[in-house]
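Colleague:
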Amino acid sequence: MQRYLHKALPDAKIHTLENNSAVIQSATDFFGLNPHKVSQIDASSGIDQFKRVDLLFVDLFGRQDHPHCLHQADFLKACLQTLSAQGVMVFNLLPSSATHTEDWLAFLHLQCGFAPLCFAIPQYQNKVILCATRPLKLPDMQTLALYAKDGSINLDYLTLYSL
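Count along the sequence shown from 1, add 19, and you get the number used in our numbering.
1) Using DSSP's beta-bridge definition, name the partner residues of Glu-37.
2) Would you list, in sequence order, the uninterrupted beta strand (DSSP E) runs of no fewer than 3 residues that lie entirely inside the region 105-156?
3) Between the alpha carbons of Ser-115 and Lys-156, how many angstroms are there, rounded?
4) On a Cα-Cα basis, can you pick out the residue from Gln-161, Tyr-143, Thr-35 and Ala-62 that is closest to Leu-89?
5) Quick check on this structure: which residue in Phe-110, Gln-161 and Arg-153 has the alpha carbon closest to the alpha carbon of Ile-140?
6) Let me confirm a value: Lys-146 is counted as buried when at least 16 other C-beta atoms fall within 10 Å, else exposed. Which label applies?
7) Run the CB neighbour count on Ala-27, radius 10 Å, all protein chains shown included, and call it buried at 16 or more, exposed below.
8) Are the C-beta of Ile-60 and some C-beta of chain B separated by less than 9 Å?
9) Measuring only the C-alpha atoms, how far is Thr-152 from Leu-99?
10) Whole angstroms are fine: how far does the CA of Leu-149 sit from the CA of Ser-181?
11) Measure from the alpha carbon of Asp-30 to the alpha carbon of each residue in Asp-73, Glu-37 and Asp-48, then state which is nearest.
12) Thinking C-alpha only, which one of Asp-48, Leu-102, Ala-125 and Phe-94 is nearest Ser-64?
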């Protein structure tokens, strides 16, 4: 993700938190991760060092489930406090069921104070959830169609998951 964002947004300030040294080494060796833009630290203890973040991408997976910190209100509140006024937090989650997704959405709604947006990824179990400290809205379909026409987005990936 860092490599793509650096290419798409060359002026963006990007920093990665990762607690697994093998993941950092692989990303450095095989994907060109800048080792100066990554901290080997647990996300739950490292999030406090960031402020006024425009995009916080939370992509935390364990072998069987998401780390415990994703289920804690204090961690999510700390993440929300890092956001700038226009900041957005994006979660890449791998829910085990529709109920798990619904529980996540309800929990995030409670923490953010606003309904999150949730997208299904075609042919994958992943859900991408966007939330912020303000209401988020999708553009109308006419606007989305314009972006799709010029190749900026693929509407196949904008399947909104609703409760």
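Backbone N, C-alpha and C fix where the C-beta goes; we use that ideal spot for every residue, glycine too.
Modeller: With the given structure in hand:
1) Answer is Gln-59.
2) 136-139 and 146-150
3) 26 Å
4) Ala-62
5) Phe-110
6) buried
7) Residue environment: Ala-27 is assigned as exposed (fewer than 16 neighbouring CB atoms within 10 Å of its CB, all protein chains considered).
8) Going by chain labels, chain B is absent from the structure shown, which holds only one protein chain.
9) 7 Å
10) For Ser-181, the predicted structure reports a pLDDT of 43, less than 50, and the residue's modelled location is therefore unreliable. The matter cannot be settled from this model.
11) Asp-73
12) Phe-94
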